[in-house]
Amino acid sequence: MTAAPLVTVGAAGFGRELLDVVDAVNKASAETVWELTGVLDDAPSDSDLDNIDRRGLPFLGPVEPWVASHSSTHFAVGVGSPSVRRRLARLFEHHGHRPATVCHPTATFGFDAVCAPGTVICAGVQISTNVHLGPHTHVNPNATIGHDSVLGAYVSVNPGAVISGACDLEEACLIGAGAVVLQGLRIGAEAIVGAAACVTGPVDPGSVVKGVPAR
Ligand SMILES: CC(C)(COP(=O)(O)OP(=O)(O)OC[C@H]1O[C@@H](n2cnc3c(N)ncnc32)[C@H](O)[C@@H]1OP(=O)(O)O)[C@@H](O)C(=O)NCCC(=O)NCCS
Numbered sequence: 001m002t003a004a005p006l007v008t009v010g011a012a013g014f015g016r017e018l019l020d021v022v023d024a025v026n027k028a029s030a031e032t033v034w035e036l037t038g039v040l041d042d043a044p045s046d047s048d049l050d051n052i053d054r055r056g057l058p059f060l061g062p063v064e065p066w067v068a069s070h071s072s073t074h075f076a077v078g079v080g081s082p083s084v085r086r087r088l089a090r091l092f093e094h095h096g097h098r099p100a101t102v103c104h105p106t107a108t109f110g111f112d113a114v115c116a117p118g119t120v121i122c123a124g125v126q127i128s129t130n131v132h133l134g135p136h137t138h139v140n141p142n143a144t145i146g147h148d149s150v151l152g153a154y155v156s157v158n159p160g161a162v163i164s165g166a167c168d169l170e171e172a173c174l175i176g177a178g179a180v181v182l183q184g185l186r187i188g189a190e191a192i193v194g195a196a197a198c199v200t201g202p203v204d205p206g207s208v209v210k211g212v213p214a215r
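Positions 1 to 215 (UniProt numbering) are the ones given, in order, by the sequence shown.
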């Protein structure tokens, strides 16, 4: 198997965590799966650039000129914000680039769990049975997604969050670190659930809820 070239977006925190997931995928495989081309970012800090350099990866510059001037390759977006991730993913796809799906080898998956292209699954994640993850969904370390849940495109589930069974997380919503969403609930598109919240009822699209119970 020939390793597939992969460019990533984001030199900041999650962007470098994404690189760790890619490295782990390669280490767990008999042959290299992804050949990292380098990292794109519109406004990296000096320390981000230094961290990319110390990994031995080239910094490729801002996103738009690179995307428009290179032929089709795989890409993964290491940006935590769902709306920014959506804008970037659409830009890549508009120019014919292909989303990579990157799942850490320590993540577990139940029967019929589906990860759409662009999904990034971090270490220690547990995806239960019959779960569907939409395109460019991010599931951060040690989060749990309960059975029969559906996550729309660009959803972010932050570290340690627990999504109970049969939840419906609509496009581009964000579940904060350590939050719990009780079973069968709908989280509306672009809503934000605060860190450590306990969600006990449906959440309206675009709203922000926090606390226990979340309001
Ligand atoms: C809930 C959240 C979206 C609110 O963001 P914000 O609107 O910018 O809120 P602010 O920081 O201005 O704080 C507003 C008030 O809410 C409180 N607050 C903030 N986050 C809270 C949370 N998660 N739970 C309870 N209260 C919270 C603040 O203490 C502040 O209270 P005050 O008005 O009494 O001083 C955000 O704090 C959050 O939890 N985001 C998720 C972050 C996350 O998952 N981080 C991990 C990344 S890996």
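Even for Gly, the Cβ is constructed at its ideal location relative to N, Cα and C.
- Using a 10 angstroms sphere on the CB of ALA30, the tally of other CB atoms stays under 16, which defines it as exposed.
- Of the residues assessed, HIS74 falls on the buried side of the cut-off, its CB having 16 or more other CB atoms within 10 angstroms.
- Taking C-alpha positions only, ILE127 is separated from VAL22 by approximately 19 Å.
- Remark: the shortest separation between the CB of ASN51 and any heavy atom of ligand 1 does not fall under 6 Å.
- In the pairwise beta carbon analysis, the stretch 95-105 is classified as not touching the stretch 164-174: fewer than three pairs are separated by under 8 Å.
- Distances between the C-beta of VAL39 and the heavy atoms of ligand 1 are all 6 Å or more.
- Here the C-alpha atom of VAL199 lies approximately 8 Å from the C-alpha atom of LEU185.
- In this structure, GLY176 has its beta carbon less than 6 Å from a heavy atom of ligand 1.
- A distance criterion of 6 Å places the beta-carbon of ILE192 in contact range of ligand 1, judged by its closest non-hydrogen atom.
- Here the distance from the Cβ of ASN142 to the nearest heavy atom of ligand 1 is not below 6 Å.
- In this structure, VAL181 has its beta carbon at no less than 6 Å from each heavy atom of ligand 1.
- Between VAL9 and LEU40, the CB-CB gap stays under 7 Å.
- Between the alpha carbons of ALA113 and HIS147 lies a gap of roughly 9 Å.
- Nearest to ARG16 by C-alpha distance, out of VAL157, VAL181 and ASP53, is ASP53.
- Here ALA24 really is in contact with HIS104; their C-beta atoms are around 5 Å apart, less than 8 Å.
- In the structure shown, the three-state DSSP call for ALA68 is helix.
- When DSSP reads this structure, LEU36 sits in a beta bridge with LEU6.
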